[in-house]
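Student: In this note's numbering, the protein residues as written are 5 to 301.
Just so it is clear, CB atoms sit at the ideal spot from N, CA and C, and this is done for glycine as well.
Mind looking over this structure? Questions follow.
Rendered as structure tokens:
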């Protein structure tokens, strides 16, 4: 009865390890094809705000693979001043100051340190939730062993990171954008609970949530994992993004990687996704839309 669960957890750990290199920081984006806009549910492109926003993007391997595409979308649609500092394998606590050696993020790239040096208007935080104890700063706490302690710790780390970012911003406090994640086939309820924590933290601190996970979920099945979705209007117009036009569907994940959205295999050296990947673009467009709306408001 528990064998699929155990196998799934092992697979999850392998996937995180495959895209995670604690010695590697952000890298220059490799050459990639030009990308356009696409998402599951039609949404108007954001109007560029009167003042171009400064955006800082932090996160784990999902942010690592999406950082180039998000930058393209933000710069084109919002004329944004954009900086990214993702580190694969990380979670919220890695970006906290005061963790010392128990972190995959160096001191100079902690969230508060970057806020003090860059003065962003928005800090985008995208984390899968690191439920498998990969990163040192979680002190071995895992969702499988102790869900209650895991969620309690995750909530506390989110509140602490929010406080550190706010203190670093001072009178010019940046607004935090928590990115809600897509479905997890191994522990679907865990992702739902983590996304609820993002919503609660954003509401408590006057920040916002970008439900990018909804853009990579089937209509009416927000927390049911799927490898494919029907091609949307943009993907119909741009066949390179409709990966299986004969079946009118596009791929979100590779066959052996349910977690990442890059349609190229992960490597031992984390880097931005080098190929067109509909899931990444759908996520990037939703983050851009939310920032555009917040900046205009």
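How long is the line joining the alpha carbons of residue 122 and residue 114, rounded to whole angstroms?
Tutor: Within the chain shown, the letter at position 118 stands for residue 122. Within the chain shown, the letter at position 110 stands for residue 114. Their backbone Cα atoms lie some 12 Å apart in a straight line.
Student: On a CA-only basis, which of 142, 293 and 129 is nearest residue 108? Give me that one, please.
Tutor: In the chain shown, the residue the question calls residue 108 occupies position 104. Measuring from the Cα of residue 108, the nearest candidate turns out to be 142.
Student: Could you tell me which residues DSSP puts in a beta bridge with residue 60?
Tutor: What you label residue 60 is simply residue 56 of the chain shown in a count that begins at 1. DSSP lists 87 and 127 as partners of residue 60.
Student: Residue range of the beta strand (DSSP E) that residue 183 falls in?
Tutor: Indexing the chain shown from 1 puts residue 183 at position 179. Residue 183 -> beta strand (DSSP E) spans 179-183.
Student: Using 10 angstroms around the beta-carbon of residue 94, count the other beta-carbons present and answer buried if the total reaches 16, otherwise exposed.
Tutor: For this step, residue 94 is matched to residue 90 along the chain shown. With 16 or more other Cβ atoms within 10 Å, it is buried.
Student: Have a look at residue 278 and residue 270 and give me their C-alpha separation to the nearest angstrom.
Tutor: Here residue 278 refers to the residue found at position 274 of the chain shown. Here residue 270 refers to the residue found at position 266 of the chain shown. One C-alpha to the other measures close to 10 Å.
Student: Quick check on residue 243: does DSSP put it in helix, strand or coil?
Tutor: On the chain shown, residue 243 is found 239 positions in, with the first residue counted as 1. DSSP places residue 243 in helix when its eight states are reduced to three.
Student: Taking 8 Å as the threshold, find out whether the stretch 212-231 comes into contact with the stretch 286-301 through three or more Cβ pairs.
Tutor: As far as the Cβ criterion goes, the stretch 212-231 touches the stretch 286-301, which means the pair count is three or higher.
Student: Go ahead and pull the three-state DSSP assignment for residue 148.
Tutor: Here residue 148 refers to the residue found at position 144 when the chain shown is read from its first residue. The answer is coil: DSSP assigns residue 148 none of H, G, I, E or B.
Student: Cβ atoms of residue 187 and residue 229: under 8 Å apart, would you say?
Tutor: Within the chain shown, residue 229 is the residue found at index 225, counting from 1. Within the chain shown, residue 187 is the residue found at index 183, counting from 1. Result yes, Cβ atoms of residue 229 and residue 187 sit closer than 8 Å.
Student: Determine the DSSP secondary structure at residue 222, reduced to helix, strand or coil.
Tutor: Numbered from its first residue, the chain shown carries residue 222 at position 218. Strand at residue 222.
Student: Could you give the residue range of the beta strand (DSSP E) that holds residue 255?
Tutor: Taking the chain shown and counting its residues from 1, the one referred to as residue 255 is at position 251. Residues 253-255.
Student: Within a Cβ cutoff of 8 Å, which residues of the same chain sit near residue 239, ignoring the five residues on either side of it in sequence?
Tutor: To locate residue 239, count along the chain shown from 1; it is residue 235. Contacts found: 42, 245, 246, 254 and 282.
Student: Per DSSP, residue 234 forms a beta bridge with which residues?
Tutor: Numbered from its first residue, the chain shown carries residue 234 at position 230. Answer is 253.
Student: Pairing CB atoms from the stretch 83-97 with CB atoms from the stretch 55-75, are three or more of them under 8 Å?
Tutor: The answer is yes - the stretch 55-75 touches the stretch 83-97, with three or more Cβ pairs under 8 Å.
Student: For residue 2, count neighbouring C-beta atoms within 10 Å of its own C-beta (all shown protein chains included) and say buried if the count is 16 or more, exposed if not.
Tutor: In this structure the chain extends from 5 to 301, so residue 2 is not present and cannot be described.
Student: To the nearest angstrom, how far is it from the Cα of residue 259 to the Cα of residue 147?
Tutor: Taking the chain shown and counting its residues from 1, the one referred to as residue 259 is at position 255. Taking the chain shown and counting its residues from 1, the one referred to as residue 147 is at position 143. For residue 259 and residue 147, the distance between alpha carbons rounds to 25 Å.
Student: So what does residue 285 bridge to, in DSSP terms?
Tutor: Numbered from its first residue, the chain shown carries residue 285 at position 281. DSSP output for residue 285 lists no bridge partner at all.
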